[in-house]
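The structure under discussion appears below in the form of structure tokens.
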Amino acid sequence: MYESHFGLTGSPFQLNPDPSFYFDSRGHSNALSYLKFGVHQGEGFIVVTGEIGAGKTTLVRTLLGELDASEVVAAQILNTQLESGELLQSILTAFAVAAPQGASKAQLLATLEAFLTEVAAQGRRALLIVDEAQNLGPEAIEEIRMLSNFQLGNHALLQSFLVGQPELRKQLESPAMEQLRQRVIASCHLGPLTADETQAYVEHRLRRVGWESRPAFGEGAFAGIYAWTGGIPRRINLLCNRLLLAAYLAETDDISAQLVENTGAELSRETGGVRGPGAMPLREPGKPAGPAEPVRGRDKPTAGRVLALGAGEVVRVARAHADLRDLPQPLICIADTPLGYMKVSALAAALRSDAGMPPVVLVNPGPASVIEMEDAAADLGHALAAEIHLGVEAASVSDGMAGVIMRLGELFDEIAPAAVLSEGNSDAVLTCVFLSSKRGLPLARLGAGQRRDMQTLTSDLNAVMADRMSEVLYTPTLKTHYTLYREGIPASRMVCIGNLLRDALRIALAPQPPVSELLKALGLSRDLLRRAMRGFVLVSAQVAQGDLRGDELPKVARVARDLGKETLVVWAVTPATREAIATGKAEALLQRSGVVLAPYAGYRVQLGLMRGAMCVIAGPGWGLVEEADTVDVPSIVLYPGGEVPAGAPGGVIARIPCDSVACMRALHEILERGRADDEVVDDTEGAAASRLLEHMRRWLPPARRSRSSRVSPPTDVSNN
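With the first letter of the sequence shown counted as 1, position 177 gets the number 161 in the working numbering; the numbers rise by one all the way through.
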């Protein structure tokens, strides 16, 4: 109706997914890269999730349009409310394969396997895309997993993409999905567009149909569109379609902020303010749209060396040896936690003992504050040629990935690395691994094979994918070595070096004062100090992303209170945790209990307290657990959500629901039994570092690691 009036060649805001209107936002671009990577791998599962209307189907159709039919045979299933038997028939139909009338399940499987084998014999790959996968029942998902067992020689015959709403991730987190999770090689989530992307998205769709600034969007109009839609593409289409219709009916060529406000309120009333397909977000009519909240981005340059990357792009270099661009090809080590910092520092110390090895540059994707090791740099970071903090601190995964890709890519351009080594399982670390792989850089992995069912689904998937993409996998234990073997990783890629963290902890803990002095500095009275010397429990759980939610805090506080009746409990809390205690039910639980609440004094102090504790009580984020396990201090991981990962974690670690009786029982059991696993890897001082150095001498060719002179100790330039 309004198209001809405004001189448009078609409808710009149709609700049906159309790849020709694909908008390459940062989030969608990253997701498409993951999908292309998955197709290139040709095996396993790719999981893509997103809210209703986030653009998942458009993304998939864009991918399908780019595939070469001579290389990939792709099929898509749209109706997923099926039983396992019906699913097999649907898969055959999607691949245009005729099945015998009334065929049994065995016959359907045989028909499908024959088809897939024929495809492989032609040198092509088969790809199955399951849309709305959150509707699949457990039996249907298991059926799809079983199909991944079809092989010709060593090559999988079928690869599957599972695309669905966020509920799909919850399904895959269940213990019953463990085998499928082990075959997931990539996972991504489509978030909403930012305010700037929302404007670019609207203009992009209009230009696709010949828009020439008629109608024009007035000041505040795009901010209003973003406020009403929350950046969800389908909601943007719904609102903008109505806006153009309203402008046409009002015989105006201007879309004002007021028109957006009125139309948004009208649509909200029509949908009842309820989220759903095409529904508008819950914003009260009449509330000023205002500018969108800025996404937290790069740190502003602080005192210290700054390495310029590009126009307006900087990263903070805390310590550097001369000019980074004058360094011989360095080994870039990716880490974004204090734990990772310690491991990389121990690695750097090992490599620095050999003049033929490259200098080590630590790259932290986030701000320097997340490392928390400023006070330890003199002891731990002396062997690093430089510490670089990219400063990416985004409000969403997609924003963070885009920032990391941009800055790390520019860093690679400036200091061409000999190789890249990663440690950790965060989205940011995985993004660094993905970019390094895409650049064709040699990739190594520190702490490979660490699953132990101990982390969230996302972290486990990230770990699996990072391990799969890495050329060399350094494992800390025989158990992690075997984990990789069970996941199908060739033994030729694995090197069991032992626990490098043990060496790092020796360095970090050596200058620490006695535990009694640390406790005294936290404000413990003389009586409490005497109690602590008879034994105390250290609580490491905090209110933080990946650990505790505010509403879970009272459950942990109740366990701490009950433990406090038996022994002294020390809980050094971060400001966020202290605020949550003060404003919630935990305050009343902890009053007049045997729990000492003290201000969090930094990671290194936590390590010192851990050394003297009889046990560490952690939350789902496993704070201090790996460190405690390394020095044989027992740990108990509490799961306030109730669902405890299956399987034996090994070491001196127990995993239990958030229950006081279970906690006391677990503490007594692990104190009595000692270590639950039998590690035969030599972990004497320097053993892990020695094995790592020996392997890197063989792995890094001379061309990659030659340097004309020894790297002198780094100069701290943070105060210059």
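Where a beta carbon is used, it is the ideal one built from N, C-alpha and C, also for glycine.
- A residue is called buried once 16 or more other Cβ atoms fall within 10 Å of its Cβ, and Glu371 is buried on that count.
- Annotation: Ala352 to Gly375 spans about 7 Å, alpha carbon to alpha carbon.
- Between Val354 and Ile318, the gap from beta carbon to beta carbon reaches 8 Å or more.
- The three-state secondary structure of Thr178, taken from DSSP, is coil.
- Annotated three-state conformation of Asn446 is helix, per DSSP.
- Restricting attention to Trp195, Ile239 and Thr247, the CA atom closest to the CA of Thr213 is found in Thr247.
- With 16 or more other Cβ atoms inside 10 Å of its own Cβ, His173 counts as buried.
- Membership of Gln60 in the beta strand (DSSP E) is indicated by the continuous run Val56 to Ile61.
- Taking a C-beta distance under 8 Å as the contact criterion, Leu120 and Ala110 do not qualify as a contact pair.
- The alpha-carbon separation between Asp535 and Gln242 amounts to approximately 39 Å.
- With a cutoff of 8 Å on beta-carbon distance, Leu522 and Val557 are scored as not near each other.
- Sequence-distant partners of Leu513 (beyond 5 residues in either direction) whose C-beta falls short of 8 Å from its own C-beta, in its chain, are Ser500, Leu503 and Lys504.
- Listed in chain order, the non-local C-beta contacts of Ile389 below 7 Å within the same chain comprise Thr415 and Leu419, local neighbours out to five positions each way being set aside.
- In the three-state DSSP reduction, Glu250 falls in the helix class (H, G or I).
- In the pairwise beta carbon analysis, the segment 160 to 178 is classified as not touching the segment 44 to 59: fewer than three pairs are separated by under 8 Å.
- Residue environment analysis places Asn446 among the buried positions, since at least 16 neighbouring C-beta atoms fall within 10 angstroms of its C-beta.
- For a cut-off of 8 Å, the C-beta gap from Ile209 to Pro176 is around 12 Å, too long to register as a contact.
- Within its own chain, the residues whose Cβ lies closer than 8 Å to the Cβ of Gln91, once the five positions on either side in sequence are excluded, are Ala83 and Pro84, listed in chain order.
- Judged by their CB atoms, Asp487 and Ala330 are nearer to each other than the 8 Å cut-off.
- The three-state secondary structure of Tyr623, taken from DSSP, is strand.
- DSSP places Tyr325 in the helix class (H, G or I) of the three-state scheme.
- The residue among Arg429, His465, Arg470 and Arg435 with its C-alpha nearest the C-alpha of Met453 is Arg429.
- For His465, the enclosing alpha helix (DSSP H) stretches over residues Leu462 to Arg470.
- Three or more Cβ pairs closer than 8 Å define a contact, and the segment 571 to 580 meets that threshold against the segment 530 to 549.
- The Cβ neighbour count for Asn138, taken over all protein chains shown within 10 Å, is under 16; the residue is labelled exposed.
- Counting of Cβ neighbours within 10 angstroms places Thr321 among the buried residues, the total reaching 16 or more.
- Taking 8 Å as the cut-off, the Cβ atoms of Gln149 and Ile36 count as close.
- DSSP links Cys172 through a beta bridge to Val32.
- Counting the other CB atoms within 10 Å of its CB gives Ala566 a total below 16, which places it among the exposed residues.
- Separation of Ala104 and Thr33 (C-alpha to C-alpha, rounded to the nearest whole angstrom) is 29 Å.
- Beta-bridge analysis with DSSP links Glu536 to no other residue.
- Rounded to whole angstroms, the gap between the alpha carbons of Ala332 and Pro343 is 8 Å.
- Leu229 sits away from Pro(-4), with the two beta carbons spaced by 8 Å or more.
- Taking Leu62 as the centre and dropping the five residues before and after it, the same chain places the C-beta of Asp115 closer than 6 Å to its C-beta, in chain order.
- In this structure, Pro538 sits near Gly568, with a CB-CB distance shorter than 8 Å.
- The shortest C-alpha to C-alpha distance from Ser144 to any of Asp411, Glu97, Ala58 and Ala412 is the one to Ala58.
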